[in-house]
Every structure is written in C-alpha cells, then in structure tokens.
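In order, the protein sequences belong to chains F and W.
In terms of the working numbering, the first sequence has 2 at position 2, counting the first letter as 1, and numbering is strictly consecutive.
Residues are numbered in the working numbering as their position in the second sequence, beginning at 1, plus a constant of 137.
Using N, Cα and C, we set each Cβ at its ideal position, and we do this for glycine too.
Data block below; observations after.
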Amino acid sequence: MKPIVHGAIAGALFGLGLAVSGMTNPDKVLNFLDLAGHWDPSLALVMGGALAVALPGFALTRRRGCTLSGEPMPAPPTTTIDRRLLLGSALFGIGWGIAGYCPGPALANLAHGTVEAVVFVVALLAGSQLARLVART
Amino acid sequence: MPTAFTPVSSFIGGALIGLAATWLLLSLGRIAGISGIVNSAVAGEPGLGWRWSFLVALVVAAGIWFAWSGTPGRHDFPLPWLIAGGLLVGFGTRLGNGCTSGHGICGLARLSKRSLLAVLVFMATAFATVYVVRHGLGGVA
C-alpha cells in the first residue's frame, strides 16, 4: 500500500482513539491535571491503554528491523537531553494546563467547527513558527 | 466543569491510539508525534502525502465519532487564555521536539529516557499551572 494510505489508516485510528477516550474534551484533561478539584483519572487509563499496545508493538516492530514494505527502520531520534528539551517541555505543559488542549486533541476539535478550536490551532501554529525563528529548530 | 471517570472507554481509546502509533512505525517507520507531523506537513517537507492524509483522517475520524455519539465541543473558554495556551503549546512542542503523543506515547513505548524526562517536566508544569489557575487566581475554568 502507498504511504498516503498507511498515513490515513494511522490517522483515523488515532483520531478515533482520541475521541473514544474522551481526551478531545479539554475539561476532562484539565480535571485530570486538577488534583485539588474534581479529579478525573481517565487520562492515566488512556496512557495505560496506549502503552499496553505500543510497548509490545514497538518492541516487535524494532525486532523485525524493517517496515512492511521492506525499508530499513530509521535510526531512533536524538537521545540528547539539553536545555531546549527541558524548557520546551516546561512551556508546553504550561500551555496545556491553561487551555486543556495538546496538539492531537486540538486538531480533532476542528471537527466540531468551534471558534475555540480554530483559535487554538492558529495560535499553536503561530507559536511553533515563533519557536522556529527564535531557536532555529 | 466536573467530568465522569470513564475507565473503560478511556482504556479502549488509548489502545486505539497505541495501535495507530504501532501501525505508523510498522508501515512507514515513522513516529506518531502530532506536533512533529504538523510542523513537517506545514513546512512542506518530503513525506507530505502520508502526513496530510494522517492529519485529515484524524480530524474526520474524530468528527464521525462526535456526530455519532452526539458529543458537543467546548465553546465558552476565554479567548485570551486560548491564545496564550495555543502559543505556549506550539512554541514548547517545537522547542522540546514533542508533545503528549511523540514523547508521551511513542517515546515511552520505545523506553526513551529523553522522552520520559520530557513527560515528567510537562506533567509537572501542567499540574502546577492548573493548580494556580483554578485554585490560586480565583479560576477561569
């Protein structure tokens, strides 16, 4: 199959998973992050479900050593731990905690067609371009 | 607004996300990190086809589920907070090279120390931010 088909299959599974899991509801995410309020532990179950499949899935795929079409597996990305990783992750967490959207659920919310989702995604793209200019990433 | 704990549907949804990430690695050797896919798609890097088909399918599949289940979207969140949140998420994920999917799911699934550290850092600042916003400033959400 062509890459465009594989991309569509993975994207559809991903979007369905996000929606089924409830993580497309930003209030559910914020309630997970709010230990002092009406705590909703659902997000931990989402991570658990994802890792229950991806941990063995990734291990088997890596052991296989090549993709379905026989291409060699690309080398794992960088392993460097630097200031950029720490600062970037810290800022991402703050933004996530403010509005309750991380990139995947933010995109999925475009399907609702709400002004809120569009505003957030446009701001996200702007923030990313800003980082590209500032840090030359 | 309080939400109900949904262990079963959240676990099933999570498993689908894990399956999506495994499929992308197995079929194309790619990591299902949404921020990375978006950045490369917008920049027009090689691999445009699978990236855009992934993103479009993600939105369409979520939309079908929303329509079928009658799930409404949120629309009462203050605009300035949305803009601030979006800017920080976009800036931070680019700088830190990943988000909840890239570091959180794919990174942890391949036992990356770098991703584990990223997850601990963004979880810590997210918990702290929600505490300050909801319990320290009088609360917007």
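- request: Would you give the residue range spanned by the alpha helix (DSSP H) that W:D213 belongs to?
  value: W:D213 -> no alpha helix (DSSP H), and no H or E assigned at all.
- prompt: Out of F:V46, F:H6, F:T79 and F:V115, which has the shortest C-alpha to C-alpha gap to F:V29?
  reply: F:V46
message: Buried or exposed, going by whether 16 or more other CB atoms sit within 10 Å of the CB of W:A278?
response: Caution applies to W:A278, whose pLDDT of 49 falls short of 50 and renders its modelled position unreliable; the value that the coordinates give is listed next. Under this definition W:A278 is a buried residue.
F:A10 - containing alpha helix (DSSP H), residue span: P3 to S21
For W:S146 and F:L13, the rounded distance between their alpha carbons: 14 Å
field: Cβ of W:L165 within 8 Å of any chain F Cβ
entry: yes
- prompt: Does F:L130 get closer than 8 Å to chain W when you measure Cβ to Cβ?
  reply: yes
- request: Give the secondary structure of W:C236 by DSSP, where H, G and I count as helix, E and B as strand, and everything else as coil.
  value: coil
- prompt: Does F:R63 have its Cβ less than 8 Å from a Cβ in chain W?
  reply: no
message: With a threshold of 8 Å between beta carbons, is F:G70 in contact with chain C?
response: Structure shown: chain C not included; protein chains present are F and W.
- request: Using a cut-off of 8 Å between C-beta atoms, extract the partners of W:L192 located in chain F.
  value: G11 and L107
message: Quick check on the burial criterion: 16 or more other C-beta atoms within 10 angstroms. Buried or exposed for F:P74?
response: exposed
task: Would you mind sorting W:R231 into buried or exposed? The rule is 16 or more other CB atoms within 10 Å of its CB.
output: buried
- prompt: How would you call F:M23, buried or exposed, if buried means at least 16 neighbouring beta carbons within 10 angstroms?
  reply: buried
task: May I have the straight-line CA-CA distance separating F:G102 from W:T237, to the nearest angstrom?
output: First, the residue type needs correcting, since residue 102 of chain F is Cys and not Gly in the sequence shown. Going by the C-alpha atoms only, they are around 7 Å apart.
message: Going by the DSSP bridge assignment, what does F:C66 pair with across the sheet?
response: F:P72
query: In whole angstroms, what separates the C-alpha of W:I242 from that of W:P139?
result: 26 Å
- request: Go through its chain and collect everything with a Cβ distance to F:W39's Cβ below 8 Å, but skip five positions before and after it.
  value: N31 and F32
- prompt: Using a beta-carbon distance below 8 Å, is W:L253 in contact with chain F?
  reply: no
query: Terminal residues of the continuous alpha helix (DSSP H) containing W:S146?
result: P144 to L165
message: Could you compute how far the alpha carbon of F:H6 sits from the alpha carbon of W:G166?
response: 11 Å
message: Does any residue of chain F have a CB that is nearer than 8 Å to the CB of W:I155?
response: According to the sequence as given, residue 155 of chain W is Gly; it is not Ile. With 8 Å as the cut-off, W:G155 counts as an interface residue toward chain F.
task: Compute the Euclidean distance between the alpha carbons of F:L110 and F:T61, then round it to the nearest angstrom.
output: 32 Å
message: Within 8 Å of any Cβ in chain F, is that where the Cβ of W:G146 sits?
response: It is worth fixing the name first, because residue 146 of chain W is Ser in this sequence and not Gly. By this cut-off, W:S146 is an interface position.
message: By the three-class DSSP mapping on this structure, what secondary structure does W:S249 have?
response: coil
As assigned by DSSP and simplified to three states, the class of W:V270: helix
- prompt: Around the C-beta of W:R247, are 16 or more other C-beta atoms found within 10 angstroms, so that it is buried, or is it exposed?
  reply: buried
query: Do the CB positions of W:I149 and F:V53 come within less than 8 Å of each other?
result: no
- prompt: Run through DSSP, which three-state label would W:A278 get?
  reply: Model confidence at W:A278 stands at a pLDDT of 49, short of 50, so the residue's coordinates are unreliable; what they give is reported in the following sentence. Coil at W:A278, not helix or strand.
query: From F:L107, F:P26 and F:G49, pick the residue whose C-alpha is nearest to that of W:P144; which is it?
result: F:G49
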